[in-house]
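Just below is one structure, and these are the notes that go with it.
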Amino acid sequence: PVARSRLRIYGLGWYELYINGARVGDQVLAPPNSRYDRVLLYDTFDVTGRLRHGENALGVMLGGGYDSTYSKWGWKWEKSKRFLLQMQIEFSDGSSQQVCSDEAWKTTDGPIRSCGIYAGETYDARMEKPGWCTAEYTDDDWLPVLVTTGPAGRLHANTMPPIRVMETLNPAAIEEPIAGVQVVDMGQNFAGWARIALRGSRGDSVTLRYSELVDSTGLIDPWTNRLAAATDIYVFKGDGEEVYEPRFTYHGFRYVQVTGVRTPLTAKTIQGRVVHADLGELGDFSSSDPLLNRVYENFRWSLRSNFMSIPTDCPARDERTPCAMDSRVVEEGALYLFSLNRYYLKWLRDIAGGSGQPDWDGDQVLLAWRLYHWYGDKDILEEQWPNMRRYVDSVRARTPDLICRKGFGDWCAPNAGTWESYFSNVAVVNTALFQQCSRVVADAAGILGDQAAAQRYGALADSIRNAYNAAFFHPDKNYYGDGTQTEDVLPLAFGLVPAPRERAVADHLAATIREENGGHLDTGITGTRYIGDVLCDYGHADLALAVLTQRSYPGFGHQISLGATTTWEQWYSKGGMNSHNHAMFSGPLATLFSRFGGIQPSAPGFRRFAVNPSISDSLSWVQVSVETVLGRAACSWRKTDEGLILEVTVPPGSEAEVAVPASSVERVFEGGVPAFRAKGVRPIGRRQERELFIVAGGRYVFRAAYD
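Numbering of the sequence shown is given in this note's numbering, commencing with residue 1260 and proceeding in unit increments.
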């Protein structure tokens, strides 16, 4: 008998594995995309229970994946499809057997007539081969495979979470704008595909076209797809109800236009299949403001749609490429919401070695630090330290005056819809990020015990800070550059402003938003990530809330008023370069958790964290929670007629510094007694009109009474 069997497989492109007629695993779009000249990530399965006494059959279906049709900006395999397989079988008597992909395998065409990541899939059910992966099947007319070589990359075990079908959506509406054409509204923009369960005569076909938009007639408007055909075709075999969903493509869409169906579609005959990496959602945010909650959901859905085997820019058009700039601005928020240690470690290794500008390739430095700080795993720093240092050294070598003048800058601030207008504040953004990368490398060196490097990179960070202020700061006017929002936001967010001037610069920022921009933001992806943080930190929480929920252009509320269920690539609805599901503007997710919710890690691995919520007059309550490596951390606050109630949950092994808004320590209570006398509560002083307390693992209910 078989005691144990492990199977390892790698495909170029996507594969499905079968043993004895049954599919192995529920992952889709496997294996992960990677730099094929560096690393090939194979999957491993325990198939012990799938083998039987006697003859067994192994089968593989191969699709295009990241093939020659994939974007020039992505990592792709441009040669023919191929795969590598090894199965190790150990028997109860101690003997073993190895089965490999070799010249004994056979191949043939199957029912998938064509497939492409952008084009979609055509499936002819008449071409199915019943029993094809069983030992009883006769494959006399199949052809021998060609044994060939693979890419130059080294094989490594895949440890990132698999991509799966994570949710099934029923249609929100089904319309027939013209005879014979039905348009299905899933009610949500997402990444994945449609699943159909229909009847048809042999040879009849049904066509599904996907789009983020519909036009004024109710038909789909595929404008944001650009050159992606986004079309799936199913040809019936004529055998009762036939169920189909594609294997080797995916789409970004809200609407599906269906032709070739003679009966009205229903929730039983068509559904949306939500597809992304199975990360596990560990965080949650809610508030008293329904619009803010919808903004949160738009952030959440945009991230879900773009967490494939790489963090993509968008799921709909002919890109879906690895975009370090987009990832950089959403990582801090995403860490609150998803379990990302394995996912982001894979991504970090993907992007290591990049030598571009800080707004793109600086992510390899910043992400390594973020993972260490969030999860407390020093091994990440040790692994990435040589690369982090190399990157900062490379930027320093080509930047003699320490001002980085190339890059994307504050990408896609409100603009004129032309390529040139997408760029803004290039030197301001890239120099600030260069300083941040240098500071991170200095801090990492200190943690790793290299004090000489810590001093050297710390001195570099100080020098960049000085150069930054010399180049951009106007001390007589208390603003940076031309006084635009991002020019003030970044130096405040990154600690570049001379301490005595911080408040004045923050007040200038607030005045600019109110007086020059009418309560609207005027920022691209980097400025938008930090604008809420800065406003909350300097006492402008009401303005931060107004900016993030702004109902007129430009604003997230404006997008929602036009039907957005995810964040857009541009602040306007249509024109220029635009997708309607671009994760890069989801950066303020971090603001919702860390400022309005108040939870910020202050020591690696949440061994210590701050609870310091920004209380807006326009909110009556906020609740946030996040599952840390030590357990659940949570904060909720609500206003009452008597004062403010602040509930805090601290996981075992951690402690929190809780900041309670109050006029004095005597006005703060916990568990019905003055907080300074409460069990497990230690007062440590007062800062910025808040009483500070240290609490260890447990649940605490603070009440701050009004005067």
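Glycine residues also receive a C-beta, built at the ideal position from the N, C-alpha and C atoms.
From a predicted model like this one, the values you see are computed outputs, not experimental measurements.
- Item | Proximity to residue 1621 [Cα-Cα], best of 1587, 1603 and 1355 | Stepping through the sequence shown from its first residue, residue 1621 is reached at position 362. Of 1587, 1603 and 1355, the residue nearest in Cα terms is 1587.
- Task: Report yes if the CB atom of residue 1685 is closer than 7 Å to the CB atom of residue 1705, and no otherwise.
- Result: Along the sequence shown, read from residue 1 onward, the residue named residue 1685 stands at position 426. Along the sequence shown, read from residue 1 onward, the residue named residue 1705 stands at position 446. No, these two residues do not count as a Cβ contact at 7 Å.
- How would you write the range of the alpha helix (DSSP H) that residue 1552 sits in, first residue to last? Sequence index remark: in the sequence shown, residue 1552 carries index 293 (1-based). It spans 1549 to 1565 - the alpha helix (DSSP H) in which residue 1552 sits, taken as one unbroken run.
- Option nearest residue 1753 by Cα separation, candidates 1809, 1775, 1793 and 1481: Taking the first residue of the sequence shown as position 1, residue 1753 is located at position 494. Per the Cα distances, 1793.
- Query: Going by Cα to Cα distance, which pick from 1824, 1463 and 1855 is closest to residue 1496?
  - Reply: Here residue 1496 corresponds to residue number 237 of the sequence shown, with the count starting at 1. Selected option, being the one with the closest Cα: 1463.
- Task: Hey, could you find the ends of the beta strand (DSSP E) residue 1543 is sitting in?
- Result: In the sequence shown, residue 1543 corresponds to position 284, counting from 1. Here the beta strand (DSSP E) through residue 1543 covers 1542 to 1546.
- Item | Inter-residue CB distance, residue 1632 and residue 1847 (contact presumed, cutoff 8 Å) | By 1-based counting over the sequence shown, the position of residue 1632 is 373. By 1-based counting over the sequence shown, the position of residue 1847 is 588. Contact flag wrong, Cβ pair sits at about 19 Å.
- Query: Just to confirm, are residue 1318 and residue 1392 a CB contact at a threshold of 7 Å?
  - Reply: The residue labelled residue 1318 in the question sits at position 59 within the sequence shown. The residue labelled residue 1392 in the question sits at position 133 within the sequence shown. Closer than 7 Å, so yes.
- Candidates 1361, 1332, 1334 and 1340, of which the one nearest residue 1346 by Cα: Along the sequence shown, read from residue 1 onward, the residue named residue 1346 stands at position 87. Ranking 1361, 1332, 1334 and 1340 by CA distance to the CA of residue 1346 puts 1361 first.
- Answer with buried or exposed for residue 1402, where buried requires no fewer than 16 other C-beta atoms within 10 angstroms of its C-beta. What you label residue 1402 is simply residue 143 of the sequence shown in a count that begins at 1. Flag for residue 1402 reads exposed.
- Query: Between the Cα of residue 1910 and the Cα atoms of 1922, 1893 and 1902, which residue gives the shortest distance?
  - Reply: By 1-based counting over the sequence shown, the position of residue 1910 is 651. Comparing Cα-Cα distances from residue 1910 to each of 1922, 1893 and 1902, the minimum goes to 1893.
- Message: Let me confirm a value: residue 1627 is counted as buried when at least 16 other C-beta atoms fall within 10 Å, else exposed. Which label applies?
- Response: As a working note, residue 1627 is residue 368 in the sequence shown. The residue in question, residue 1627, is buried, as its Cβ has 16 or more Cβ neighbours within 10 Å.
- Query: How about residue 1927 and residue 1963: are their beta carbons less than 7 Å apart?
  - Reply: Numbered from 1 along the sequence shown, position 668 holds the residue referred to as residue 1927. Numbered from 1 along the sequence shown, position 704 holds the residue referred to as residue 1963. Yes, these two residues count as a Cβ contact at 7 Å.
- May I ask you to list the residues that DSSP assigns as paired with residue 1365? Translated into positions along the sequence shown, residue 1365 becomes position 106. 1403.
- Name, in chain order, the residues that DSSP records as bridge partners for residue 1433. By one-based count along the sequence shown, residue 1433 stands at place 174. Residue 1433 pairs with 1443.
- Looking only at DSSP bridge pairs, what is residue 1422 linked to? One-based indexing of the sequence shown puts residue 1422 at position 163. Paired residue(s): 1536.
- Item | residue 1713 in three-state terms, based on DSSP | Numbered from 1 along the sequence shown, position 454 holds the residue referred to as residue 1713. DSSP places residue 1713 within a helical segment (H, G or I) once states are collapsed to three.
- Query: Which term fits residue 1958, buried or exposed, when burial requires 16 or more other beta carbons within 10 angstroms of its beta carbon?
  - Reply: In the sequence shown, residue 1958 corresponds to position 699, counting from 1. Flag for residue 1958 reads exposed.
- Buried/exposed call for residue 1777, threshold 16 Cβ in 10 Å: For this step, residue 1777 is matched to residue 518 along the sequence shown. That one is exposed.
- Where does residue 1348 fall in DSSP's three states? Counting from 1 along the sequence shown, the entry for residue 1348 is found at position 89. Strand at residue 1348.
- Take the Cβ of residue 1559 as the centre, count every other Cβ of all protein chains shown within 10 Å, and call the residue buried at 16 or more, exposed below. As a working note, residue 1559 is residue 300 in the sequence shown. With 16 or more Cβ atoms within 10 Å of its Cβ, residue 1559 is classed as buried.
- Write down the C-beta distance between residue 1277 and residue 1289 rounded to the nearest angstrom, noting that I regard them as a contact closer than 8 Å. Indexing the sequence shown from 1 puts residue 1277 at position 18. Indexing the sequence shown from 1 puts residue 1289 at position 30. At roughly 14 Å, the Cβ-Cβ gap does not stay under 8 Å, so residue 1277 and residue 1289 are not in contact.
- Less than 8 Å between the CB atoms is what I'm expecting for residue 1410 and residue 1538, so what's the real figure, rounded? To locate residue 1410, count along the sequence shown from 1; it is residue 151. To locate residue 1538, count along the sequence shown from 1; it is residue 279. A Cβ-Cβ separation of about 27 Å leaves residue 1410 out of contact with residue 1538 under the 8 Å criterion.
- residue 1937 in three-state terms, based on DSSP: By 1-based counting over the sequence shown, the position of residue 1937 is 678. Residue 1937: coil per DSSP, three-state reduction.
- Task: For the segment 1636 to 1688, list the alpha helix (DSSP H) runs that are entirely contained and at least 4 residues long, ordered along the chain.
- Result: 1637 to 1656, all fully within the segment 1636 to 1688.
- Take residue 1812 as the anchor and find which of 1788, 1780 and 1895 has the nearest alpha-carbon. On the sequence shown, residue 1812 is found 553 positions in, with the first residue counted as 1. Residue 1812 has its Cα closest to that of 1780, out of 1788, 1780 and 1895.
- Jot down the residue ranges of each uninterrupted beta strand (DSSP E) in the segment 1897 to 1928, minimum 3 residues, whole runs only, in chain order. 1902 to 1920
- Query: Apart from the five residues just before and just after residue 1672, which ones in its own chain have a Cβ nearer than 6 Å to its Cβ?
  - Reply: Within the sequence shown, residue 1672 is the residue found at index 413, counting from 1. 1683, 1782 and 1783, listed in sequence order.
- Message: How far does the beta strand (DSSP E) with residue 1628 in it extend, from its first residue to its last?
- Response: Position 369 of the sequence shown, counted from the first residue, corresponds to residue 1628. Secondary structure note for residue 1628: it is in no beta strand (DSSP E), and the uninterrupted alpha helix (DSSP H) holding it is 1622 to 1634.
- Message: Which residue wins for smallest C-alpha separation from residue 1483, given the options 1506, 1456 and 1512?
- Response: The count along the sequence shown starts at 1 and reaches residue 1483 at position 224. Minimum Cα distance to residue 1483 is reached at 1512.
- Task: Spell out the partners DSSP gives residue 1341 in its beta bridges.
- Result: In the sequence shown, counting from the first residue as 1, residue 1341 sits at position 82. 1271.
- Query: Nearest CA to the CA of residue 1469: which residue from 1663, 1532 and 1670?
  - Reply: Counting from one through the sequence shown, the residue named residue 1469 turns up at place 210. Of the candidates 1663, 1532 and 1670, the one whose C-alpha sits nearest the C-alpha of residue 1469 is 1532.
- Task: State the start and end residues of the unbroken beta strand (DSSP E) segment that holds residue 1469.
- Result: Position 210 of the sequence shown, counting from 1, holds the residue named residue 1469. Where residue 1469 is concerned, the enclosing beta strand (DSSP E) stretches over 1464 to 1470.
- Task: Pair every Cβ in the segment 1830 to 1847 with every Cβ in the segment 1569 to 1580, then say whether three or more of these pairs are closer than 8 Å.
- Result: yes
- Task: Write down the C-beta distance between residue 1816 and residue 1809 rounded to the nearest angstrom, noting that I regard them as a contact closer than 8 Å.
- Result: Residue numbering aside, residue 1816 sits at position 557 when the sequence shown is read from its first letter. Residue numbering aside, residue 1809 sits at position 550 when the sequence shown is read from its first letter. At roughly 5 Å, the Cβ-Cβ gap stays under 8 Å, so residue 1816 and residue 1809 are in contact.
- Given residue 1505, which residues of its chain have a CB within under 8 Å of its CB, disregarding the five upstream and five downstream residues? In the sequence shown, the residue the question calls residue 1505 occupies position 246. Correct list, in chain order: 1374, 1379, 1380, 1382, 1452 and 1491.
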